[in-house]
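Chains as they are written, first to last, in my numbering: chain W, 1 to 119; chain X, 1 to 131.
Each residue gets a CB set at the ideal place from its N, CA and C atoms; glycine is no exception.
Note that the structure is predicted; figures quoted are calculated from it, not measured.
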């Protein structure tokens, strides 16, 4: 029971942290490219890679990985921002967003995993 | 007054995020992914969360009078937390390490394709639907 209360709380914290980092990155750039979500997702992928590399206990992983970082990073917003770029005639920016998000996320997750394995 | 609104906004995101994360974590525990084969839970939550976000954002921003807390709670909070990007990346790496590189590629492409088509359809259908 306590585990799930903690998971919910950490999920809330993850969403709130995403909101703040997104706003922090978006504010000065204010361009069409969704840099805020990209920053959140790449950072979150690195951190989850790190946790995975550390081979933590299953409950710790559920709380820090699944609840906190899973909630911090987001897939639906990437889809929303990419689809809206397409609707606004910025299809190339949308494709660029997908490519940079997934390539960046993958590289970050691998880098975090390697770092976590040697720590 | 502004500080109070800001506090309410953060509470809305926190509450939505808590529920979204709890749903995803519960499913992940109920149907654990063994590290190989199709990651059904992540695939499903990402698709469902994307459809819901398309519906919420289109309806709340284009169809209904502006509301301060519904979009942050349902969109940023709930859908943002129900779907996940980092877990998807880890699953791709685990699949590749397990020798299932082709499955990883198909999983990634299917997730993105379903997400984009889902977002498009949810938006278009919501615009056509009743106010």
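Pair within 8 Å by beta-carbon distance, residue 12 of chain W and residue 80 of chain X: no
C-beta contact flag for residue 61 of chain X and residue 70 of chain X at 8 Å: no
Residue 20 of chain X: contacting residues in chain W (beta-carbon distance under 8 Å): 11, 15, 71
Chain W contact residues for residue 8 of chain X, given Cβ-Cβ distances below 8 Å: Near residue 8 of chain X there are no residues of chain W at all, since even the closest Cβ is about 13 Å away, more than 8 Å.
Any 3 or more C-beta pairs closer than 8 Å across the stretch 115-128 of chain X and the stretch 25-33 of chain X: no
Residues that residue 120 of chain X contacts on chain W, provided the C-beta gap is smaller than 7 Å: 83
Start and end residues, alpha helix (DSSP H) containing residue 91 of chain W: 91-118
Short-range partners of chain W found in the stretch 23-41 of chain X, where Cβ spacing is below 8 Å: 24, 25, 26, 28, 29
Simplified DSSP assignment, three categories, for residue 71 of chain W: helix
Three-state class that DSSP yields for residue 43 of chain X in the structure shown: helix
Given 8 Å, three or more beta-carbon pairs between the stretch 4-21 of chain W and the stretch 59-77 of chain W: yes
Pair within 8 Å by beta-carbon distance, residue 65 of chain W and residue 117 of chain W: no
Alpha helix (DSSP H) segment containing residue 71 of chain X, residue limits: Careful: residue 71 of chain X lies outside any alpha helix (DSSP H) and carries neither H nor E.
Three or more C-beta pairs below 8 Å linking the stretch 102-109 of chain W and the stretch 47-60 of chain X: no
Range of the contiguous alpha helix (DSSP H) that encloses residue 79 of chain X: Unbroken run through residue 79 of chain X: none, as it is neither H nor E.
Cβ-based burial, residue 91 of chain X [other Cβ within 10 Å; buried from 16]: buried
Residue 108 of chain X to residue 2 of chain X span [Cα, whole Å]: 42 Å
Own chain residues within Cβ distance below 6 Å of residue 36 of chain W, not counting five before or after: 22, 25, 26
Residue range of the alpha helix (DSSP H) that includes residue 63 of chain X: Where residue 63 of chain X is concerned, there is no enclosing alpha helix (DSSP H), given that its DSSP letter is neither H nor E.
Residue 54 of chain W (DSSP reduced to helix, strand or coil): coil
The alpha helix (DSSP H) enclosing residue 103 of chain X, as first and last residue numbers: 101-128
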